[in-house]
Every structure is written in structure tokens, then in C-alpha cells.
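**Student:**
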Amino acid sequence: MGKINYLWDLQCIDTREKSLWRELENLGIKKEITELESRLGQKRREFMELSRRLQEGERAIRKKEGEAGENERKQLELEKRLYSGQTSSARELSQIQRKIATLKEKGKELEEKILALMLEQEALEKEQEKLTVVLRELEAELDKKQAVYAREAGELEQELELLPAEREKLLPMVEEKWLDLYQRLSVINKGQAVAAVRGDLCLGCRISLPTNLVSQIITNDRLQTCPNCGRILYYQGTK
Ligand SMILES: [Zn+2]
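Okay, structure coming up:
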């Protein structure tokens, strides 16, 4: 195996590494997870908003119940006075009766208000129950997708982990100045420092190479670069 073979292998590893990273970033499931998380976030916010409204409703009901209790207490007090026989003045009695009637009216209004609030609460609770089901479904879906992601990403990550060791094995096989050139060309040519040659064709830039140059690279032991694209030439055979 010629020394250029090692550079070629090195390029294969580096290319594979880049493509694995790209695959990791572009895993379709990752996008699905992001979308699902955003939907879940929205539903969770809706749930919190419902909880807040339920608490607010609860407070409003308690307040009205307090008012109703106070109203009833006043009414009972007046009724007690009315029937106690302590008051004999007809004017005063009719005044008390009027007050009682007003309080009764207010009591009825309060009851109606409380009932309306309770119905509202019931509707909110039902909405929250439905939302709880939706949340559970979304969470279960997210769990599933995350498991898929872990599996898919896991395979890619596993392969990625093996690459540095393979790379390390190749480095001592190649002279340092060749490696330097490889790195420089790799930066310039977006990872394509080495170009394969088939027959007399440089596959880096698709020009025909002079016959004497091709004859020099056939063993892949000498470092030659393409006169046109400047890449290191790696001879792959005639076809
Ligand atoms: Zn070329």
C-alpha cells in the first residue's frame, strides 16, 4: 500500500466524520421533537391559564358565598326582631319588612351569581380535563420520539466515537509535511485535499493529466499534485 493510500483513507475518515455530524444535525426526528415540544409548551401554558382562571373563580365563589352568608345573617336578625314582639310601631314594622324584602332580593341575586360562577367553573374543569388528556398524549408521543432519536443518534454517535482512533492509526504512516499539505488543501477545497485519478483523469477537476505524471503516481508512493486543481493525486486504476 502506497503512502498516498493512507492520505486517501484519512480523507475518507474526515469526510465520513463531517457527514455523520451533518446527519446528526439533520435527523428528521429532531425536527419533529422540536415541533412537538413547542406544541406541548403551548398546551402547558393553556393548562396553567385554566388553573389560574379556576383559582380566580374559586375565590369569586367564596367571596359571593361570604356575602350571601352575611346577607342571610342580617335577614334572620331582622326576622327575629319582626317576630319578637319587641316592636309594635307599625311604621317600624313595615320598614323592617321592606328591609327583609330587599335582603331576600339580594340573596336571590347572590345565589344566581354563585350558580353562574359554579357553572363557569364546571365548564373550565371540563376543559382542563380534556387538556390533561391532550397533554398526556403529547407527552407519550414525545417520549416515543425521544427514544427513536436516542436510537438513531446513538448509532451515528457510536460510529463517530470510533473515527478518531482510526485516524490516529493512520497519522504515523504519513510524513508530517504531507499531513500539513493535506490539512492546507483540505481547508481550501472543503475537505477534498486528495483527488482520485482514473486512467489519466483527475476526478477533482476532470482534466486529463500528462502521461508522465500518471506514470509517477501509479504506485501511490510519491506525492504529486494536480497541475490544474492542486489536489494531491491518488491513483485508483484505469477504470
Ligand atoms: Zn485536478
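Count the sequence shown with my numbering and you get residues 691 to 929, in order.
Even for Gly, the Cβ is constructed at its ideal location relative to N, Cα and C.
Report the CB separation of Y839 from V887 in whole angstroms; it is logged as a contact under 8 Å.
**Tutor:** Between V887 and Y839 the Cβ distance is about 41 Å, and since that is not below 8 Å, they are no contact.
**Student:** Check each candidate in K929, S709 and I897 and name the one with the smallest Cα separation from L850.
**Tutor:** Comparing Cα positions, the closest option is S709.
**Student:** Please report the distance separating the alpha-carbon of S778 from that of Q818.
**Tutor:** The straight-line gap from Cα to Cα measures roughly 57 Å.
**Student:** Report buried or exposed for I922, applying the criterion of at least 16 other Cβ atoms within 10 angstroms of its Cβ.
**Tutor:** Buried, by the Cβ-count rule.
**Student:** Output needed for P854: all residues of its chain with C-beta closer than 7 Å, excluding positions within five of it in sequence on either side, in chain order.
**Tutor:** No residues qualify anywhere along the chain.
**Student:** What residues does ligand 1 have around it, judged by CB closer than 7 Å to any heavy atom, in chain order?
**Tutor:** Having a Cβ closer than 7 Å to some heavy atom of ligand 1 are A885, C892, G894, C895, I897, C916, N918, C919 and R921.
**Student:** Would you report the Cα separation of I751 and L772, rounded to the nearest angstrom?
**Tutor:** About 31 Å.
**Student:** Sorted by chain position, which residues of the same chain lie with C-beta nearer than 7 Å to S898's C-beta, five sequence neighbours on each side aside?
**Tutor:** D890 and L891, listed in sequence order.
**Student:** Near K803, what residues of its chain come up, given a Cβ to Cβ distance below 8 Å and the 5 sequence neighbours on each side ignored?
**Tutor:** Here the set comprises K754.
**Student:** Measuring alpha carbon to alpha carbon, tell me which residue in Y872, G718, R735 and S741 is nearest Q811.
**Tutor:** Considering only alpha carbons, the answer is S741.
**Student:** Does the count of Cβ pairs from the segment 727 to 742 and the segment 818 to 831 closer than 8 Å reach three?
**Tutor:** They touch, by the three-pair rule.
**Student:** Per the DSSP calculation, V887 is bridged to which residue(s)?
**Tutor:** In the DSSP output, where bridge partners are listed per residue, V887 has C892 and Y925.
**Student:** Measure the beta-carbon distance from L807 to A758 and round it to whole angstroms, keeping in mind my assumption that it falls under 8 Å.
**Tutor:** Between A758 and L807 the Cβ distance is about 12 Å, and since that is not below 8 Å, they are no contact.
**Student:** Candidates R912, L793, L832 and R763: which alpha carbon is nearest E722's?
**Tutor:** Nearest C-alpha to E722: L832.
**Student:** For ligand 3, any of its heavy atoms closer than 7 Å to the Cβ of K720?
**Tutor:** For ligand 3, the structure offers nothing, since it holds only ligand 1.
**Student:** Can you give me the C-alpha to C-alpha distance between R896 and L869, rounded to a whole angstrom?
**Tutor:** Distance between the alpha carbons of R896 and L869 is about 24 Å.
**Student:** Indicate whether K910 and I694 have their beta-carbon atoms separated by less than 8 Å.
**Tutor:** In the sequence as displayed, the identity of residue 910 is Asn instead of Lys. A contact, by the Cβ cut-off of 8 Å.
**Student:** Is DSSP giving S774 helix, strand or coil here?
**Tutor:** Of the three classes helix, strand and coil, the one that applies to S774 here is helix, per DSSP.
**Student:** Out of I907, Q785 and E715, point me to the one whose CA is closest to Q926's CA.
**Tutor:** The shortest C-alpha separation from Q926 is found at I907.
**Student:** To the nearest angstrom, how far is it from the Cα of E748 to the Cα of E815?
**Tutor:** Whole-angstrom Cα-Cα distance: 11 Å.
**Student:** Find out if the Cβ-Cβ distance for the pair G797, E767 is shorter than 8 Å.
**Tutor:** No; because the gap between Cβ atoms is not below 8 Å, this pair is not in contact.
**Student:** With a threshold of 7 Å on Cβ separation, who are the neighbours of A883 within its own chain once the five nearest residues in sequence on each side are excluded?
**Tutor:** These residues qualify, in order along the chain: Q701, Y872, L875, S876, R921 and I922.
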